[in-house]
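To keep things clear, I will list the structure first and then write my remarks on it.
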Amino acid sequence: MPTLLSVNVNRIALLRNSRDHGWTPDLIALSRIILEGGAHGITIHPRPDERHIRTADVAPLSDLVKQFPAAEFNIEGNPEHNLMALIAANRPQQATFVPDSTTQKTSDHGYSVEHLRRIKPLIAEAKQHANRVSVFVDAEIASIQAAKDCGADRIELYTEPYALAPATTLQQFADTAKFARSIGLGVNAGHDLNLTNLPPFVREVRPDEVSIGHALIADALQFGMTETVSRYLSAVGTKP
């Protein structure tokens with residue numbers, strides 16, 4: 004099964020929000036270019052402080068993705084903060100639960116077993132509004148088993164440890180992904196993946212989907228958005 008590319012557009016919104024008028028860059032127009040370039044989906048992570056994605060952005064992005072029948076909309080965030088209302092209102096194809104705090108600059112760890120057990124009712128609630136629920140986890144067997152036990156459909160592997168030490172961690176990620184699939188979970192991955200470290204990761208881990216934001220948007224400053232999306236599609240092996 005090919006690995007799909009979902010582009011996280013938070014960094015576009017962050018740049019827009021650095022000016023009070025908030026007009027440019029145009030989040031919706033650039034997201035359209037991303038989808039027209041062949042990306043398989045759009046990911047957003049709206050935080051309560053609206054430092055990048057604002058609540059007002061979510062519905063227009065949802066409407067945009069609906070114009071591309073093969074694409075998916077993924078809303079991620081902390082279900083104990085502001086995520087659940089956004090899922091109910093917008094009914095994305097995928098809801099991804101992330102255990103971030105309001106003070107974190109970016110996601111930096113996956114769910115513990117205990118925390119997954121605590122949010123089990125929220126997973127069930129989210130599945131009433133999204134096609135599937137994914138939970139953000141470290142590459143640890145216990146957390147992956149807990150994700151299955153709590154009703155998740157997929158896991159998203161937190162990949163910063165791989166980005167920092169690919170040679171020594173790649174096999175661990177491959178093994179945990181294999182275990183996840185053996186118990187019926189889909190496997191997503193994200194965080195600090197880029198054009199250099201993505202091809203070996205995809206080759207060994209074979210994720211269903213990767214969600215990439217920071218590196219892709221940074222590369223787009225150099226190569227342009229359409230060319231950058233094309234390069235990432237090549238990196239995951241799904242360029243048309």
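Its first residue numbered 4, the sequence shown is counted upward by one per residue in the working numbering. Positions of the beta carbon are idealized from the N, C-alpha and C atoms, including for glycine. Remember, it's a predicted structure, so these values are computed and weren't measured experimentally.
Distance, residue j Cα to residue i Cα
i	j	result
Ala32	His217	18 Å
Pro95	Ala129	10 Å
Glu75	Gly187	21 Å
Leu7	Asn20	29 Å
Glu143	Pro102	16 Å
Gly25	Ser185	46 Å
From the options, residue whose alpha carbon lies closest to that of residue i
i	options	result
Ala168	Thr231, Pro210, Pro203	Pro203
Leu173	Leu188, His43, Thr46, Ala192	Ala192
Asn81	Asp152, Ile122, Val116	Ile122
His48	Leu224, Ala98, Ala142	Ala98
Leu280	Ala145, Leu224, Asp156	The structure shown has nothing for residue 280, since the chain only spans 4 to 243.
Ile10	Ser185, Leu196, Arg209, Ala62	With the sequence shown as reference, residue 10 is identified as Val, and Ile is not the correct amino acid for it. Selected option, being the one with the closest Cα: Leu196.
Tyr165	Arg135, Val208, Leu30	Val208
8 Å Cβ cutoff met for residue i and residue j
i	j	result
Asn85	Ser214	no
Gln127	Gly154	It should be noted that the sequence gives Ala, not Gln, for residue 127. Contact: yes.
Val140	Ala133	no
Val205	Ile158	no
Ser137	Asp156	yes
Asn13	Ala62	no
Val68	Ile45	yes
Which of helix, strand or coil DSSP assigns to residue i
i	result
Val12	coil
Val101	coil
Asn77	strand
Ser115	coil
Ser21	coil
Asn134	coil
Distance between beta carbons of residue j and residue i, contact taken as under 8 Å
i	j	result
Thr199	Pro5	Not confirmed; about 20 Å, so no contact.
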